[in-house]
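For the sequence shown, my numbering gives the first residue as 323, with consecutive numbering after it. Glycine included, each C-beta is placed from N, C-alpha and C at the ideal position.
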Amino acid sequence: MKIIQFYHFNPRTKIIIALVITVIIITTSVIYVQAKNRIKPIYEVKTSEKVLALTFDISWGTQTPIPVLDLLKEHGIQCTFFLSGPWAQKYPEIPQRIFNDGHEIASHGQRHINLSSLNFEEIKQEIMQAHTILQAVTGCTPKLIRTPNGDYNDQVILAAQACGYQVIQWGTDSLDWKNPGIEAIINRVLTRAHPGDIILMHASDTCKQTVQALPSIIQGLQEKGYRFVTVSELLEINKN
323 MKIIQFYHFN PRTKIIIALV ITVIIITTSV IYVQAKNRIK PIYEVKTSEK
373 VLALTFDISW GTQTPIPVLD LLKEHGIQCT FFLSGPWAQK YPEIPQRIFN
423 DGHEIASHGQ RHINLSSLNF EEIKQEIMQA HTILQAVTGC TPKLIRTPNG
473 DYNDQVILAA QACGYQVIQW GTDSLDWKNP GIEAIINRVL TRAHPGDIIL
523 MHASDTCKQT VQALPSIIQG LQEKGYRFVT VSELLEINKN
């Protein structure tokens with residue numbers, strides 16, 4: 323194949339090629355800077371201390387939350403529960419028990435939609451609708467939110483901050499929402515958990531294997547020397 327050298331092109335073609343190359347370089351640089359400067363939620367806390375936060379999302383159902391709460395009470399563990407507004411409003415006695423058992427109440431938003439598809443004011447409205455419900459039902463003021471589907475962009479995080487919230491993701495996803503098998507859930511958590519980790523689990527009725535997996539997860543992590551704290555407690559450790 324013949325290689326056409328640049329100096330063989332006429333001046334006009336050279337200018338066009340140079341402009342195209344310049345545009346490509348600038349565009350690539352902008353994309354890189356935007357990605358690098360993207361506002362990120364909290365996935366974990368950097369610490370050498372063997373502490374982690376077990377968290378549960380709940381959006382529907384009443385059959386799974388109670389057994390989960392019973393197990394946590396039996397083991398003397400406090401966790402963070404991310405609750406959707408409509409669910410808390412429909413079953414207020416369960417959020418009340420979660421709070422009374424000493425767990426941290428956090429928000430899982432209002433509608434189970436991707437907040438990044440909304441504009442700034444719409445995002446704030448979604449967050450504050452759930453906030454009002456959770457506050458009325460439990461008497462506490464949530465400060466943490468895990469967005470529906472874990473979806474976010476810069477605007478979502480800024481809107482949450484404007485509402486007084488920190489956006490929380492997870493370092494380890496148990497994948498219990500896929501119902502992959504009890505042993506698969508246990509093994510995934512025990513092999514991936516690390517100091518400062520935030521572990522994602524679910525206490526919605528669609529997650530059929532969470533209750534059966536939970537005792538072995540708790541026992542396994544304790545045998546590894548881990549201590550359970552709420553997400554807010556984990557964040558305080560990071561401050562200190």
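Taking 4 residues as the minimum length, the alpha helix (DSSP H) runs contained wholly in the region 502–546 are 504–514, 532–545, in order along the chain.
Within the same chain, I504, I507, I508 come within 6 Å of A535 by CB-CB distance, once the 5 residues on both sides are set aside. Under the three-state reduction of DSSP output, S496 falls in the coil class, being neither helix nor strand. Separation of the CB atoms of S496 and L522 is rounded to 6 Å, and the pair is thereby assigned contact status at 8 Å.
Residue pairing of A428 in beta bridges, as defined by DSSP: F404. Taking a C-beta distance under 7 Å as the contact criterion, A375 and V489 do not qualify as a contact pair.
P464 counts as buried, since at least 16 other C-beta atoms from the protein chains shown sit within 10 angstroms of its C-beta. Taking the Cβ atoms as the reference, D498 lies roughly 26 Å from C462, outside the contact range of under 8 Å.
Within its own chain, the residues whose Cβ lies closer than 7 Å to the Cβ of E366, once the five positions on either side in sequence are excluded, are G493, G518, D519, I520, listed in chain order. For D379, the enclosing beta strand (DSSP E) covers residues 373–380. In this structure, G407 and L456 form a Cβ contact; the two beta carbons are roughly 7 Å apart against a cut-off of 8 Å. Considering only D423, A410, Y413, Q541, the residue with the shortest C-alpha distance to Q400 is D423. Sequence-distant Cβ neighbours of S381 in its own chain, meaning closer than 7 Å and more than five residues away, are S406, W409, H430, H434, S526. Excluding five sequence positions before and after Q451, the CB atoms of its chain that fall closer than 8 Å to its own CB belong to G407, Q432, given in chain order. Put simply, the backbone Cα of G383 is about 9 Å away from that of Y413. Between I420 and F403, the C-beta spacing is below 7 Å. Around the beta carbon of H397, fewer than 16 other beta carbons lie within 10 angstroms, which makes this residue exposed.
Listed in chain order, the non-local C-beta contacts of L393 below 8 Å within the same chain comprise V533, L536, P537, I540, local neighbours out to five positions each way being set aside.
In this model, Q531 and P417 are separated by some 21 Å (Cα to Cα). For V459, the three-state secondary structure derived from DSSP is helix. DSSP, read as helix, strand or coil, puts I361 in coil. Taking C-beta atoms under 8 Å as the contact rule, A515 and R468 fail to qualify, at a distance of about 18 Å. Linking S439 to V553 through their CA atoms gives a straight-line distance of about 27 Å. A check of alpha carbon separations from N560 across T386, K362, H425, V373 identifies V373 as the nearest.
Here the C-alpha atom of E444 lies approximately 24 Å from the C-alpha atom of T460. Where R549 is concerned, the enclosing beta strand (DSSP E) starts and stops at 549–551.
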